[in-house]
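Report on the structure given below.
Numbering (my numbering), first residue to last: 5 to 392.
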């Protein structure tokens with residue numbers, strides 16, 4: 005029995021020392037920015053880090069997106085190698101690394117999903133001086149099955165007595181109420197602030213609300229808006245970001261936009277409309293919807309979303325595409341614009357777009373990156389290598 009007591013005391017002592025060391029590391033970083041939200045967390049983390057570096061701020065960034073990375077103060081990146089499944093304890097190492105490198109700013113993407121872990125990572129591990137919520141949309145069931153529960157879950161990361169910034173309209177004012185209850189300054193971007201953002205000069209397709217949100221954070225820290233924007237234009241995108249690939253089919257130069265990662269209807273709709281604004285009216289919008297065997301409900305939701313979109317052609321690729329005729333009929337989509345391709349090989353991809361009757365068009369891939377989406381992206385990247 006005495007041995008068990010000794011072991012328990014040693015464990016408790018170890019945990020106490022670790023906690024005190026972590027608190028010392030946290031306190032050594034004056035500005036700590038925590039990024040939460042349903043979409044855009046990795047992109048906003050990268051944009052803020054780049055903007056602050058441009059303002060000569062010694063900034064350490066950490067993303068948990070498609071490929072988790074540590075973004076060093078000089079802009080170089082190191083991959084995060086995990087020996088097992090991701091755990092929120094990773095954030096303790098993040099703080100320790102930033103403190104060891106004597107960084108004055110930490111910009112960290114939230115990696116927790118459940119409401120309880122979101123609270124712990126923000127309030128106990130990062131202790132943000134600025135809490136950012138990109139947006140609130142229904143995604144992970146762990147956060148709730150409706151927008152109110154999802155927003156409440158995200159609001160767990162809002163700091164006490166500090167600053168909260170969001171680009172989400174939040175019609176229920178949950179974010180604002182939580183911030184005010186915690187005596188934190190609440191800043192919400194206006195529609196005008198978002199729309200006025202210039203997206204030219206970026207190395208990839210970036211959403212205006214992500215840029216506007218990152219600029220607002222940089223301004224709060226004290227970096228001039230123009231300087232921050234200049235830094236953001238040099239920002240290297242996350243793996244899951246919207247990349248534009250310039251392809252050639254015969255004499256046709258065609259942009260392919262990889263939006264497979266934006267697999268919820270609201271995000272996809274926003275992208276489709278942003279692309280229509282980006283390209284002139286003579287460009288036809290061609291959509292490839294990748295359907296996964298185990299994500300049919302998501303494909304159905306995207307078909308429902310497309311009833312309100314102004315696309316010129318829709319190709320259904322992937323698995324179980326024949327079943328999508330049900331939502332197509334239900335939502336009365338124009339079947340003359342739709343072609344059921346099934347599983348799409350690279351050779352068939354090249355054949356379709358070499359022979360398509362349009363001269364000026366762009367292609368956007370939506371639905372899911374898995375399975376057929378990965379095959380198409382591999383083909384596109386190999387096609388680019390062969391032409392350079």
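Backbone N, C-alpha and C fix where the C-beta goes; we use that ideal spot for every residue, glycine too.
Task: Residue-level contact to chain D via CB, residue 105, 8 Å cutoff - done: The structure shown contains no chain D; it is built from a single protein chain.
Open item on the list: Across the region 104-113 and the region 266-280, are there enough close Cβ pairs to call them in contact, namely three or more that are closer than 8 Å?
Closed with: no
- [ ] Classify residue 392 as buried or exposed, calling it buried when 16 or more other Cβ atoms lie within 10 Å of its own Cβ.
- [x] At residue 392, the pLDDT of 38 sits below 50, so the modelled position is not reliable and the matter cannot be decided from this model.
- [ ] Quick one: residues in its chain with C-beta nearer than 8 Å to the C-beta of residue 77, no 5 flanking neighbours on either side, listed in chain order?
- [x] 57, 62, 63, 64, 105, 107
Task: Neighbourhood of residue 380 by C-beta distance below 8 Å, restricted to the same chain and skipping five residues each side - done: Only residues of its own chain outside the window of five on either side were considered, and among them 292, 294, 321, 348, 350, 353, 369 have a CB closer than 8 Å to the CB of residue 380, listed in chain order.
Open item on the list: Could you check whether residue 41 and residue 162 sit closer than 8 Å to each other, using their CB atoms as the reference points?
Closed with: no
Task: Short Cβ contact (8 Å threshold) for residue 43 with residue 160 - done: no
Task: Range of the contiguous beta strand (DSSP E) that encloses residue 317 - done: 317-322
Open item on the list: Considering only their Cβ atoms, is the gap separating residue 280 from residue 314 smaller than 8 Å?
Closed with: yes
Open item on the list: DSSP three-state label for residue 236, please.
Closed with: DSSP places residue 236 in the helix class (H, G or I) of the three-state scheme.
Task: Distance between residue 241 and residue 308 (C-alpha atoms, nearest Å) - done: 30 Å
Open item on the list: Please state the DSSP three-state secondary structure of residue 74.
Closed with: strand
- [ ] Could you tell me which of 383, 79, 288 sits nearest to residue 317, measuring between CA atoms?
- [x] 288
Task: Cα-Cα separation, residue 27 to residue 256 - done: 58 Å
- [ ] Would you check if there are 3 or more beta carbon pairs closer than 8 Å linking the region 160-179 to the region 119-137?
- [x] Enough Cβ pairs lie closer than 8 Å, so yes.
- [ ] Could you have a look at residue 227 and say whether DSSP puts it in helix, strand or coil?
- [x] coil
Open item on the list: Assuming contact is defined by CB atoms lying nearer than 8 Å, are residue 79 and residue 231 in contact in what I supplied?
Closed with: no
Open item on the list: Going by C-alpha to C-alpha distance, which of 224, 222, 212 sits closest to residue 278?
Closed with: 212
Task: For residue 391, three-class secondary structure by DSSP - done: Unreliable placement is indicated for residue 391, whose pLDDT of 47 sits below 50; the coordinate value is still reported in the next sentence. The answer is coil: DSSP assigns residue 391 none of H, G, I, E or B.
Open item on the list: Helix, strand or coil for residue 210? Go by DSSP, reduced to three states.
Closed with: coil
Open item on the list: Between the alpha carbons of residue 236 and residue 271, how many angstroms are there, rounded?
Closed with: 22 Å
Task: Rounded separation between residue 39 and residue 171 - CA only - done: 12 Å
- [ ] For residue 216, count neighbouring Cβ atoms within 10 angstroms of its own Cβ and tell me buried if that reaches 16, exposed if not.
- [x] buried
Task: Candidates 113, 10, 302, of which the one nearest residue 323 by Cα - done: 302
Task: DSSP-derived helix/strand/coil call for residue 217 - done: helix
Task: Any alpha helix (DSSP H) of 4 or more consecutive residues that is wholly inside the region 106-158 - done: 119-124, 151-158
TODO: Would you mind stating whether residue 335 and residue 259 have Cβ atoms separated by less than 8 Å?
DONE: In this structure, residue 259 does not lie closer than 8 Å to residue 335 by Cβ.
Open item on the list: The beta strand (DSSP E) that contains residue 259, what's its start and end?
Closed with: 256-262
- [ ] Could you pull out every residue in the same chain whose Cβ sits closer than 8 Å to the Cβ of residue 150, ignoring the five residues on either side in sequence?
- [x] 142
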